Ligand SMILES: C[S@@+](CC[C@H](N)C(=O)[O-])C[C@H]1O[C@@H](n2cnc3c(N)ncnc32)[C@H](O)[C@@H]1O
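In full-length UniProt numbering, the protein residues as written are 1 to 426.
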């Protein structure tokens with residue numbers, strides 16, 4: 001058997017994501033709010049029955065463990081088991097370097113728990129670095145400080161928030177660390193004082209276009225290497241995803257018999273898993289969805305035309321609106337709604353006896369939405385892995401030696417993939 005390569009992993013994930021796009025591209029919330037059926041649910045009654053029978057604690061459990069989720073659904077969606085196998089090969093922690101690094105005991109002051117765990121793990125996962133370091137989108141320089149301690153190399157920090165640069169400078173002076181904060185927007189050409197050719201690049205949780213810029217700059221300057229953990233893949237300035245690697249470009253090409261493409265909206269799925277949402281945030285999110293579904297039902301009861309109903313139910317609304325009772329919510333919407341005057345007029349016919357049934361329908365739709373979302377969630381980590389491999393392949397195609405793995409446990413951050421690329425011979 002051939003040893004799996006980044007390329008073979010990438011091609012099998014492309015195949016699965018392409019084949020199953022009818023399961024993960026449609027967002028159940030938008031379908032339900034517009035009263036559009038989900039075709040996979042209609043064509044797969046066994047899966048639908050299984051999902052509908054799940055309790056709230058089942059949902060919680062399955063949402064928290066995507067591996068387990070794919071195992072639970074694989075009898076309805078053949079292929080999920082093979083996806084799990086492919087993913088597992090990337091989920092391995094990166095090999096820990098021979099020299100173990102323990103920072104001094106004051107390093108974690110000012111850094112909250114999980115952030116500290118991620119930052120420390122990132123700094124410990126790097127191999128020996130014997131060149132200056134360029135930390136991309138450094139924030140206050142928490143990572144940069146650890147890298148300085150570990151490698152005793154000067155670190156330049158690129159950061160566009162002036163306050164963070166100032167705070168970072170103050171902290172570094174206090175700790176007598178050689179960190180240089182450069183107030184700079186990384187989307188612009190680098191200033192002359194940046195050591196772009198000779199530095200090893202690092203980027204912990206830099207968003208879409210920002211880490212793309214780091215990768216391309218590192219390649220352009222033939223820098224010694226880069227280690228980064230991408231996040232917020234959807235934060236890009238184009239509506240469609242621009243592939244990094246030639247292999248991905250080929251799979252996107254219209255001349256491909258089954259072209260694979262991604263919109264900015266699709267990319268949201270890759271970062272959908274969070275471990276950071278607190279209880280209050282979860283309750284607020286639930287209430288917002290229930291109210292939106294209930295609003296749809298309420299509009300329906302008032303015979304409001306479907307087009308107006310769709311616009312209204314998906315409209316951007318202040319979070320404060322959802323902190324009220326449902327009747328107060330309805331009343332404030334129509335008070336604030338100046339463009340849909342017709343609706344205002346119809347509010348006079350508003351019958352309070354219909355509120356409870358609208359709300360009941362809202363809860364019913366919410367329950368189904370939660371269950372239908374599980375199908376989409378099966379593909380969240382595979383899509384993230386695909387995006388990681390696209391970046392890794394770009395670096396490999398440029399001649400660097402690349403490894404991919406995790407740098408910390410998933411509970412510390414779901415964005416725990418790291419791509420490490422070293423210039424051959426450096
Ligand atoms: C998610 S934070 C990561 C910070 C740091 N690497 C860490 O892990 O603590 C992203 C950082 O990128 C900075 N940033 C965003 N856009 C930027 C840009 N165009 N140029 C430079 N820095 C930017 C933000 O101010 C923020 O500090």
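Ideal placement from N, C-alpha and C gives every residue a C-beta, glycine not left out.
Only a predicted model underlies this, so the values are computations on that prediction, with no experimental measurement involved.
Residue i versus residue j: straight-line alpha-carbon distance, rounded
i, j, result
"residue 331", "residue 292", "14 Å"
"residue 88", "residue 310", "41 Å"
"residue 49", "residue 69", "16 Å"
"residue 359", "residue 271", "30 Å"
"residue 228", "residue 290", "38 Å"
"residue 124", "residue 58", "36 Å"
"residue 296", "residue 394", "45 Å"
"residue 396", "residue 90", "16 Å"
"residue 512", "residue 140", "Since the first and last residues shown for the chain are 1 and 426, residue 512 lies out of range."
"residue 11", "residue 53", "35 Å"
"residue 448", "residue 181", "The structure shown does not extend to residue 448, since the chain is modelled only from 1 to 426, so the question has no answer here."
"residue 369", "residue 242", "30 Å"
"residue 341", "residue 30", "Caution is warranted here: a pLDDT of 48 is assigned to residue 341, below 50, making its placement in the model unreliable, and no coordinate value can be reported."
"residue 44", "residue 264", "28 Å"
"residue 365", "residue 266", "23 Å"
"residue 19", "residue 231", "25 Å"
"residue 24", "residue 36", "16 Å"
"residue 427", "residue 157", "One cannot answer for residue 427 here, as it falls past the ends of the chain, which runs 1 to 426."
"residue 172", "residue 387", "34 Å"
"residue 220", "residue 47", "49 Å"
"residue 26", "residue 303", "27 Å"
"residue 32", "residue 225", "47 Å"
"residue 183", "residue 409", "32 Å"
Beta-carbon proximity check, residue i vs residue j, cutoff 9 Å
i, j, result
"residue 132", "residue 373", "no"
"residue 97", "residue 407", "no"
"residue 357", "residue 273", "no"
"residue 260", "residue 252", "yes"
"residue 279", "residue 63", "no"
"residue 136", "residue 41", "no"
"residue 208", "residue 235", "yes"
"residue 240", "residue 384", "no"
"residue 66", "residue 287", "no"
"residue 118", "residue 144", "no"
"residue 128", "residue 148", "no"
"residue 71", "residue 84", "yes"
"residue 401", "residue 418", "no"
"residue 51", "residue 375", "yes"
"residue 142", "residue 111", "yes"
"residue 194", "residue 269", "no"
"residue 204", "residue 76", "no"
"residue 13", "residue 86", "yes"
"residue 113", "residue 16", "no"
"residue 214", "residue 390", "no"
According to DSSP, residues forming a beta bridge with residue i
i, result
"residue 403", "420"
"residue 230", "206"
"residue 225", "200 and 422"
"residue 240", "263"
Practice problem: Enumerate, from N- to C-terminal direction, the unbroken alpha helix (DSSP H) stretches of 4 or more residues contained entirely within the segment 68 to 125. | Solution: Correct list: 80 to 90 and 113 to 125.
*asked:* Restricting to runs no shorter than 4 residues, where is the alpha helix (DSSP H) found entirely within the segment 127 to 206?
replied: Given a length threshold of 4 residues, each whole run of the alpha helix (DSSP H) inside the segment 127 to 206 is given here in chain order: 142 to 151 and 162 to 174.
- prompt: Which ranges does the alpha helix (DSSP H) cover as unbroken runs of at least 4 residues, wholly within the segment 301 to 335, from first to last along the chain?
  reply: Taken in chain order, the complete alpha helix (DSSP H) segments of 4 residues or longer contained in the segment 301 to 335 are 306 to 314.
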